[in-house]
Each structure stands twice: as C-alpha cells, then as structure tokens.
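In this note's numbering, the protein residues as written are 1344 to 2056.
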C-alpha cells in the first residue's frame, strides 16, 4: 500500500457481540484498522479503545484523529440487545377497540420463529414471545377507518382521554398508538396523539408518544404494531449509548454529529426519528462491502459470509440484485422495516462447548462466551471451553500474537479445562476432540451456505464466496470445502470488513407508503396515464419529506439525489419485488410501460428459471423514495503482480494440528504478502486481528488488489 501522508477523515466502527472493529479512511481512500473487546455496558469504552488501536496503527493521537475527521459512523447491536434482554421502556398502547388482544395473538409466523424442527413438531415446548406491553396496559378506543381511508366510525374522544389518564397513572414511559388503516388515513391516530399530549401536559408527566403512521405507514397491522412498539421500547437505551459515543468523540475534538447505519444500507444521524431501522446495522455493512468488492473483481453473484465470536451471517447478491426483506424477523417479532436480507445461524469461535456425561452428546452453543468473560484462553474469567480454545490448543492461533500481542493466550489453561470437560468425557485424545468440535462448527456453516445457495436456484459455480469476520479466515477451509464456488476470497482486513463496508455507504433516507394499484394485463392508455399520475403524486410527497430530513441533518440541497422505487408483483402473487424506477416521474403512457418493463426485467433476474407472467396483470403494493448524499469511501489500490515466492512474508514454522495429525506449518505475516505471492498449505497466515489457516495442499493466491484467493486441493 502507498505511503500514507494525510490524516483520516472517516472513522468507521462496527461493534459486534465479541469485538469492536475500527477502520480509518483518508481522502485518497487509504485505510487502517483497529480492534478491541466490545464493552456492552458502556459501548463508548470499547469504541474509544478500538479507535485508539487504529490511531496507533496510523501513527497519530486520538486528538489528531477525531479533530481531523469529517465523519464518525457507528454500527452495533446495542438496541437489539435491549430487545433481547427485555430491558427497555415501560410501554402503554392505545388501539382500535376490538384489537386489544393483537399483542397476545401475534402472528403464527413469528410465534414459531427460531424453533427447531423438533420443537415445531411437538407444540408442548411452544410459547409466544415475551410481551412488550401487558394486556392491562392496552386500551381500545372506538373508531374505524376502512381500507379506502373513509371514516366509518368517528373517534370517541372521551375514551381516548380516559385511556391516556389510566396509562399516565400506570407511570408508563411511552404511549404507542396503532389504529386500523392509519397508513391510508392517519386522522384518528393524529387526534389520539394530540389528546395524549394534552393529558400528559396536564399531569406534568414526562411521557413520549409514538404513532404507527409516523414510524412505518405501511400495510399489515401486526408488523406495523411491532415496529412502533420496538421503536418506543428499545431505542431509548440505544440513543443513550450513541449519545455517549458522540460525547466521547467530541471530547477528543470531533466537530460534527455521529452517524449510524440503516438496515437497508445507508448512513443516518443518531437523531434519526425511526432509530429502530438501525437495530441490525453491523452485519449489513458486510453486504455493502461485498457489493463494493464485487464491482472490482467483476462478479455480481456473491455469497457474503461473516463469522465472528457469536454468529455466522450470510448474505446473497444475485446478478447484482441484493434482496430487500420488508418484514424481517427480529427476536421473534415480525417488523415492517426494510432490511438487506441476511441468514444467520449460531456458529462462531466464542461458542461454548458442552458434552453430556451420560449420552456423550456434544453441543455447540447456542451460548457464546462473548468478550466478557470470553474463552478460557483469554484468562479473563471464562471457565467453559469454546471453539477459540480448540483453535489455540491445536496451534492454529498464535498465543503471542492475538490482537498483535495485546492478549497473551493461556493455552495450557485452555487445554487442561478442555481435557477435563470434553475430551475425557468423550474418551478420546485432546487433539482429536478439539478438531472434532471445529469440524462440527465448520460443517454447520458449510450446510448453511449450501441451503442459502439452493434457495437461489443458481449453481454454486456462479458464486464467489467472500469470507470475513474475525473468525472467518480461521475456519474458511472447512466452511467452503466441497461446495464448488467459482472463487473464494478473504481479506487482510477481514476482521474489520463490516466496518469497511459501513464506510462504503452514503448518507441516506428511505420513505415509503403502502398502496394498492392493480394494473390489468391489457390496460388501455387512459388507465395507464391515470396510474402514472397517481404514482408520481405519491413520489412527490415522499421526495419532499426525505429531502427535508436530509437538509435538517446539514446536507446541502444540491448534493442530495433522489431515486423513487416500487414494490411490485404479478397480481395474485404473495411476494413483492423491489424495483428502482427507471425515471423520476411518470408523465406519459410510455413512461408507465417503461416502469412495468423494468419490473419484469428485475423479476427475471431474481427468479431464475421462472417465467414472467404478465397475463396475470401487475400490482403495485408500495411506493418509496430513497434520498442520498455522497461521502468519501475507502479505495483498494491496484498493483502489478510480482513474483510468486512469499519468502519476504515468511516468519517461521509452528506445529499445527490439521486433518488428524500435527504438521510443521509455515507462518506468514498477512500484511507483508504482496500481489503475485502464492502460499501452499500447511500454512498459517497471521494478522494482528485475524488468522487464515491453509490446509495441506490447499493454496492461497494474492491478486493485484491484495485480495487473498483460497483454492482447495
């Protein structure tokens, strides 16, 4: 990489369940990474430690780093953890009379989410997700608006006054409002909110009010209800954590507001009114980074795989199309939050290993040792063996180079505990047991990748696998073996790849509303003209709202770009396809036909080997608008290929147990590998933040972008 002479202007942070990663980017696209343990009780501590590690790598002080930065962006799982641990606000709910039991009933799909096949068969184990609002704090009020937005029953305001007073007396911290069809006509929700605020002011209380039409004005009442409840429940603690990060940044000289990553792939202020849209921001960065790398390597069909200490996240980009999921599941709640689609299994290096002494059954997780206390070899109080302990026992991790030597791994301590709790119970040797555990983890990940690919209806030979995360390269060989990918790539900055991906994002707002526009297969010109006018009118309203929000965040009006989109399907289908509109307004019959043709083209890309079916007609179920403003992005430097001999990066030999026996594995420093270098296994390629294990006879090639290509023997 070229000599860096300027200071970074973008600081990107990704706080995972175990480690917090930092990437620094200067105006020319050069970057450096840093890493530290995540501190869930106060994320600002892990944020600062990770930023300091990156600043050390750059050779500057924290004061110089933050005072010279234009952008600090932070993605993490703090709000999701609030939801998982049920430590959010005390809520009350006002809804349409007759729907008071909506929370208790839930949706069948979410009620069975995350259950194993066996548990779905045997309903005796089933229970609904824990309620965010108990029935006694749910109040129904008389009102009714129909699907066309017409008022069928007026709002009984005296019932709203009574409900608000009861919730205030219950000392709730927030009141949520969700009425039927408020996404079509929010008049009643607006009036209920006004009355609640009047009663709150009269009582001198400090209670926030949330309305579903402001949080997510789209169809499907249950998902809209979940969205407004989780916005009210989980974001308060998240805002405090983000505010703490902003305060620390400003303490060291940062002049602007901290940004965070939206679940659909853009940056927004931490003061964003719909902060629940950022709840799963961390893994999304990996998909953004993958799309960026895919353009460099010329392959638009990619599988993204992110293995850390806790989970194995997988995303798919199929022929340049990244799937948007409009109703993702989050802790067994179905939400109306557009999200880049991810598949996740519990599989990471921090997973706790258990062996039943009676049946000798081995269990991997689902619990993770996390960063505190962490694996036994960290010597921070962990007492249960993990996959990371197995990696250390088998010589795959360098005990004196973990986090660049900042953590010295206690291998003997890990070996003793693993032998006692696992190997001896199984009646096998320590090495055999440890490699067996690793094989189980890698088999789980391998099977998950196969399932994700088969769901696309595309052969693996069309896909390039991108492997990242702190543990991704460590277990890459086993995770990818036998699938038949077109290519397998990992990175020198694999541990911070999600943070890298976050810094490739632009500032963004996304607004959308539900519609029901049914276009017949043989619609005439007048009908198409009318449909186009209706669509354009909605786009104009959404454009105004999105641009106003971005201007309020400090973006200059000339720098804001807007792109409208549609959610469409063939009439009668159950699933929508997101279509970016080929034009900003529909002003003619030909324009409307262009939009329909674009939908059919996107449909054919996403649904391989599925014929288009225009005879059924078309349905537009949602209209939206994405507003963006550019920011500086990291750049990978392209350099000519040199000699294949990696001797300049060689740093010794270490015993490593791979494939049932000990090997003398060559050690290489990852950052010293140059374009053209080839490494043949058994070998271990080390970086302060990650380790790439090369199995015997497998090969790693470094290309002109300094990407590491892994090929199986």
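Don't be surprised by glycine CBs; every beta carbon is placed ideally from N, CA and C. All values derive from a computational prediction rather than experimental measurement.
Quick check on residue i: does DSSP put it in helix, strand or coil?
{"i": "residue 1859", "result": "strand"}
{"i": "residue 1483", "result": "strand"}
{"i": "residue 1886", "result": "helix"}
{"i": "residue 1684", "result": "coil"}
{"i": "residue 2044", "result": "strand"}
{"i": "residue 1350", "result": "coil"}
{"i": "residue 1823", "result": "helix"}
{"i": "residue 1561", "result": "coil"}
{"i": "residue 1692", "result": "coil"}
{"i": "residue 1708", "result": "strand"}
{"i": "residue 1358", "result": "strand"}
{"i": "residue 1643", "result": "coil"}
{"i": "residue 1978", "result": "coil"}
{"i": "residue 1983", "result": "coil"}
{"i": "residue 1638", "result": "helix"}
{"i": "residue 2026", "result": "strand"}
{"i": "residue 1948", "result": "helix"}
{"i": "residue 1476", "result": "coil"}
{"i": "residue 1672", "result": "strand"}
Residue i to residue j, Cα distance in whole Å?
{"i": "residue 1604", "j": "residue 1612", "result": "9 Å"}
{"i": "residue 2036", "j": "residue 1822", "result": "12 Å"}
{"i": "residue 1375", "j": "residue 1978", "result": "11 Å"}
{"i": "residue 1811", "j": "residue 1893", "result": "32 Å"}
{"i": "residue 1401", "j": "residue 1619", "result": "34 Å"}
{"i": "residue 1500", "j": "residue 1489", "result": "19 Å"}
{"i": "residue 1505", "j": "residue 1891", "result": "36 Å"}
{"i": "residue 1707", "j": "residue 1887", "result": "51 Å"}
{"i": "residue 1940", "j": "residue 1903", "result": "27 Å"}
{"i": "residue 1598", "j": "residue 1849", "result": "19 Å"}
{"i": "residue 1392", "j": "residue 1991", "result": "32 Å"}
{"i": "residue 1406", "j": "residue 1595", "result": "5 Å"}
{"i": "residue 1502", "j": "residue 1491", "result": "25 Å"}
{"i": "residue 1936", "j": "residue 1866", "result": "11 Å"}
{"i": "residue 1695", "j": "residue 1729", "result": "4 Å"}
{"i": "residue 1734", "j": "residue 1441", "result": "57 Å"}
{"i": "residue 1782", "j": "residue 2016", "result": "28 Å"}
{"i": "residue 1762", "j": "residue 1727", "result": "11 Å"}
{"i": "residue 1508", "j": "residue 1573", "result": "23 Å"}
From which residue to which residue does the alpha helix (DSSP H) around residue i run?
{"i": "residue 1508", "result": "1500-1512"}
{"i": "residue 1531", "result": "1530-1546"}
{"i": "residue 1997", "result": "Counting along the chain, residue 1997 falls outside any alpha helix (DSSP H), though it belongs to the beta strand (DSSP E) covering 1993-2001."}
{"i": "residue 1846", "result": "1840-1846"}
{"i": "residue 1784", "result": "1773-1797"}
{"i": "residue 1406", "result": "1405-1410"}
{"i": "residue 1959", "result": "Note, residue 1959: premise wrong, no alpha helix (DSSP H); not H, not E."}
{"i": "residue 1732", "result": "1730-1736"}
Given a cut-off of 9 Å on the beta-carbon distance, is the pair residue i and residue j in contact?
{"i": "residue 1527", "j": "residue 1857", "result": "yes"}
{"i": "residue 2041", "j": "residue 1738", "result": "no"}
{"i": "residue 1475", "j": "residue 1485", "result": "no"}
{"i": "residue 1332", "j": "residue 2020", "result": "Here the chain has residues from 1344 to 2056 only, and residue 1332 is not among them."}
{"i": "residue 1803", "j": "residue 1757", "result": "no"}
{"i": "residue 1413", "j": "residue 1974", "result": "yes"}
{"i": "residue 1589", "j": "residue 1581", "result": "no"}
{"i": "residue 1656", "j": "residue 1686", "result": "yes"}
{"i": "residue 1784", "j": "residue 1885", "result": "no"}
Which residue wins for smallest C-alpha separation from residue i, given the options the options?
{"i": "residue 1652", "options": "1732, 1377, 1772", "result": "1732"}
{"i": "residue 1671", "options": "1697, 1617, 1607", "result": "1607"}
{"i": "residue 1510", "options": "1486, 1552, 1532", "result": "1552"}
{"i": "residue 1910", "options": "1988, 1668, 1768, 1871", "result": "1668"}
{"i": "residue 1554", "options": "1567, 1596, 1544", "result": "1567"}
{"i": "residue 2002", "options": "1465, 1689, 1361, 1775", "result": "1775"}
{"i": "residue 1662", "options": "1869, 1536, 1644", "result": "1644"}
{"i": "residue 1397", "options": "1464, 1367, 1779", "result": "1367"}
{"i": "residue 1617", "options": "1637, 2047, 1560, 1636", "result": "1560"}
{"i": "residue 1690", "options": "1712, 1920, 1772, 2045", "result": "1712"}
{"i": "residue 1958", "options": "1972, 1881, 1949, 1861", "result": "1861"}
{"i": "residue 1853", "options": "1609, 1788, 1371, 1593", "result": "1609"}
{"i": "residue 1390", "options": "1630, 1587, 1906, 1791", "result": "1587"}
{"i": "residue 1385", "options": "1591, 1631, 1880", "result": "1591"}
{"i": "residue 2029", "options": "2045, 2023, 2043, 2012", "result": "2012"}
Just to confirm the assignment, what range does the beta strand (DSSP E) spanning residue i have?
{"i": "residue 1830", "result": "1830-1833"}
{"i": "residue 1765", "result": "Segment: none, residue 1765 is in no beta strand (DSSP E) and carries neither H nor E."}
{"i": "residue 1617", "result": "No beta strand (DSSP E) contains residue 1617, which DSSP labels as neither H nor E."}
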